[in-house]
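Colleague: Questions regarding the structure given below will be posed in turn.
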Amino acid sequence: MKFATKAIHAGQAADESTGATIVPIYQTSTYTQAGVHKHKGYEYSRSGNPTRAALEECIASLEGGGNGLAFASGLAAETAVLSILRPGDHVVSAADIYGGTYRLFEKVLTPQGVSFSYVDGAIPANFEAPLTPATKLIWIESPTNPLLQLVDIAAVAAIARAHSVPLAVDNTFATPALQRPLALGADIVVHSTTKYIGGHSDVIGGAVVVNDAVLHRDIQFYQNAAGAVPGPFDAWLTLRGVKTLQLRMRQHGQNAQRIAEFLQTHPQVDAVHYPGLPAHPQHELAKRQMDGFGGMVSFAIKGGRPAVEAFASSLKVFAFAESLGGVESLCCYPSEMTHASVAREERERRGITDGTLRLSVGIEDSDDLIDDLDAALKAAVSSR
Numbered sequence: 045m046k047f048a049t050k051a052i053h054a055g056q057a058a059d060e061s062t063g064a065t066i067v068p069i070y071q072t073s074t075y076t077q078a079g080v081h082k083h084k085g086y087e088y089s090r091s092g093n094p095t096r097a098a099l100e101e102c103i104a105s106l107e108g109g110g111n112g113l114a115f116a117s118g119l120a121a122e123t124a125v126l127s128i129l130r131p132g133d134h135v136v137s138a139a140d141i142y143g144g145t146y147r148l149f150e151k152v153l154t155p156q157g158v159s160f161s162y163v164d165g166a167i168p169a170n171f172e173a174p175l176t177p178a179t180k181l182i183w184i185e186s187p188t189n190p191l192l193q194l195v196d197i198a199a200v201a202a203i204a205r206a207h208s209v210p211l212a213v214d215n216t217f218a219t220p221a222l223q224r225p226l227a228l229g230a231d232i233v234v235h236s237t238t239k240y241i242g243g244h245s246d247v248i249g250g251a252v253v254v255n256d257a258v259l260h261r262d263i264q265f266y267q268n269a270a271g272a273v274p275g276p277f278d279a280w281l282t283l284r285g286v287k288t289l290q291l292r293m294r295q296h297g298q299n300a301q302r303i304a305e306f307l308q309t310h311p312q313v314d315a316v317h318y319p320g321l322p323a324h325p326q327h328e329l330a331k332r333q334m335d336g337f338g339g340m341v342s343f344a345i346k347g348g349r350p351a352v353e354a355f356a357s358s359l360k361v362f363a364f365a366e367s368l369g370g371v372e373s374l375c376c377y378p379s380e381m382t383h384a385s386v387a388r389e390e391r392e393r394r395g396i397t398d399g400t401l402r403l404s405v406g407i408e409d410s411d412d413l414i415d416d417l418d419a420a421l422k423a424a425v426s427s428r
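In terms of my numbering, the sequence shown opens at residue 45 and continues consecutively.
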């Protein structure tokens, strides 16, 4: 089956007991058993639930992976992957990553004895230099949050494979509709399904997809032992959202391309980051590695914090809000929202300035979105 068909059908056969076309919400905590070790595949919903199982199978199918695991949030999914680490282990990570991931690395894992090295992910060779015998994981995002830098997944995967180190890729921004890291050589794919996979800003969730049986066993053990699993209604909402993923990503990308082209010509804008622009330094990699350029755009406006405040308060169609990936357009200020946990010096070293804004471009009419941004940029000019 091709992608759009799998999104609607993988893991979602008609219910055997009733013939229900849509996977039911199995809103139960436990399952009646016929006797000791005599059950129908489910014992307790932390360990397994049919609605969650359908979601896990669907996401694994979309990523081209053998095994999928669903979690209560994207960070719960990340924590499950990181559970394979032990004190004394070392991780090499791209420097430009989501602020919540950086916080998890520095504030949770580092005190537990795990060390981290951060490199410029735009150059694949950078991932090899910090490797030591203690390195047990390489971690990347592509495109990155919030500066839309790309990492050459196949090149980094080759380095990881040569050193027998698993490569984990956060594929939240691209989604499997645009990019499938396992096919490029990655070992682990992580998602915040809260974002594009759910797609409607109404459910929190996460997912991990792997092919390796040992990785699956270890992460699944953590899923059950730690218990950060989605409830059946959350799994059902996410499964409902994923059905339209390919259609939504197409419109997100078309709107984002128009907006990026508009922003790059605006005199109030210092820089625009979008892989669909020929001026993006990794535009050719994006064309080779992805099936589209996605719905995320980041840019820097002149005037710093005062201009940002005027811009944000003038938006009418874009909501000034955390998160991304919903059908509605959102604007975020990374310095004080998604990346507030990253020290100012570190943010600026990465290129996240006081004027940096991140757009999650929705599927509204693109003319309305551009008019909204234009009016807000004019307000930013007046504040200077």
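For each residue, glycine too, the CB sits at the ideal point set by N, CA and C. Fair warning: this is a prediction, and the values are worked out from it, not measured in the lab.
1. What is the DSSP secondary structure of Asn170, reduced to helix, strand or coil?
2. Would you kindly work out how many angstroms separate the C-alpha atoms of Ser357 and Ile197, rounded to a whole number?
3. Going by DSSP, what residue range makes up the beta strand (DSSP E) through Gly112?
4. Among Pro68, Gly109, Glu372, Tyr146, which has the Cα closest to the Cα of Leu119?
5. Mind checking which residues open and close the alpha helix (DSSP H) that includes His53?
6. Less than 6 Å between C-beta atoms, sequence neighbours within five positions excluded: which residues of the same chain meet that for Arg402?
7. Measuring alpha carbon to alpha carbon, tell me which of Leu126, Val352, Asp411 ends up nearest Ile232.
8. Quick check: the Cα distance between Arg294 and Val252, rounded to an integer number of angstroms?
9. Could you tell me the boundaries of the alpha helix (DSSP H) in which Leu403 lies?
10. Look at the alpha carbon of Leu113 and the alpha carbon of Leu421, and state the distance between them as a whole number of angstroms.
11. Determine the closest residue to Tyr75 out of Ser89, Thr65, Pro220, Ile66, with distance taken between C-alpha atoms.
12. In the structure shown, what three-state DSSP assignment does Ala199 receive?
13. So, is Glu101 buried or exposed, given that buried needs 16 or more other C-beta atoms within 10 angstroms?
14. Report the rounded CA-to-CA distance for Asp314 versus Thr400, giving the unit in angstroms.
15. Return the CA-CA distance between Gly110 and Val254, expressed in angstroms with no decimal places.
16. Quick check: the segment 169-178 against the segment 306-321, are at least 3 beta-carbon pairs closer than 8 Å?
Modeller: The short version:
1. Sequence index remark: in the sequence shown, residue 170 carries index 126 (1-based). In this structure, Asn170 counts as helix in the three-state DSSP scheme.
2. Locating residue 357 in the sequence shown gives position 313, counting from the first residue. Locating residue 197 in the sequence shown gives position 153, counting from the first residue. About 38 Å.
3. Here the question's residue 112 lines up with position 68 in the sequence shown. Note, Gly112: beta strand (DSSP E), 111-115.
4. Within the sequence shown, numbered from 1, the residue matching residue 119 stands at position 75. Measuring from the Cα of Leu119, the nearest candidate turns out to be Tyr146.
5. In the sequence shown, the residue the question calls residue 53 occupies position 9. Counting along the chain, the alpha helix (DSSP H) containing His53 begins and ends at 47-53.
6. What you label residue 402 is simply residue 358 of the sequence shown in a count that begins at 1. Excluding residues within five positions, the ones whose Cβ falls inside 6 Å are Pro190, Ser342, Cys376, Pro378.
7. If you number the sequence shown from 1, residue 232 lands on position 188. Out of Leu126, Val352, Asp411, Leu126 has the C-alpha closest to the C-alpha of Ile232.
8. On the sequence shown, residue 294 is found 250 positions in, with the first residue counted as 1. On the sequence shown, residue 252 is found 208 positions in, with the first residue counted as 1. In a straight line, the C-alpha of Arg294 is about 24 Å away from that of Val252.
9. Along the sequence shown, read from residue 1 onward, the residue named residue 403 stands at position 359. Not the alpha helix (DSSP H): Leu403 falls in the beta strand (DSSP E), residues 400-404.
10. For the purposes of this step, residue 113 is identified with residue 69 of the sequence shown, where counting begins at 1. For the purposes of this step, residue 421 is identified with residue 377 of the sequence shown, where counting begins at 1. Cα to Cα, the separation comes out at about 42 Å.
11. Translated into positions along the sequence shown, residue 75 becomes position 31. For Tyr75, the nearest C-alpha among the options comes from Ser89.
12. As a first step, residue 199 must be located in the sequence shown, where it is residue number 155. In this structure, Ala199 counts as helix in the three-state DSSP scheme.
13. In the sequence shown, residue 101 corresponds to position 57, counting from 1. So Glu101 ends up on the buried side.
14. Along the sequence shown, one-based indexing puts residue 314 at 270. Along the sequence shown, one-based indexing puts residue 400 at 356. Cα to Cα, the separation comes out at about 9 Å.
15. Here residue 110 refers to the residue found at position 66 of the sequence shown. Here residue 254 refers to the residue found at position 210 of the sequence shown. Distance between the alpha carbons of Gly110 and Val254 is about 6 Å.
16. no
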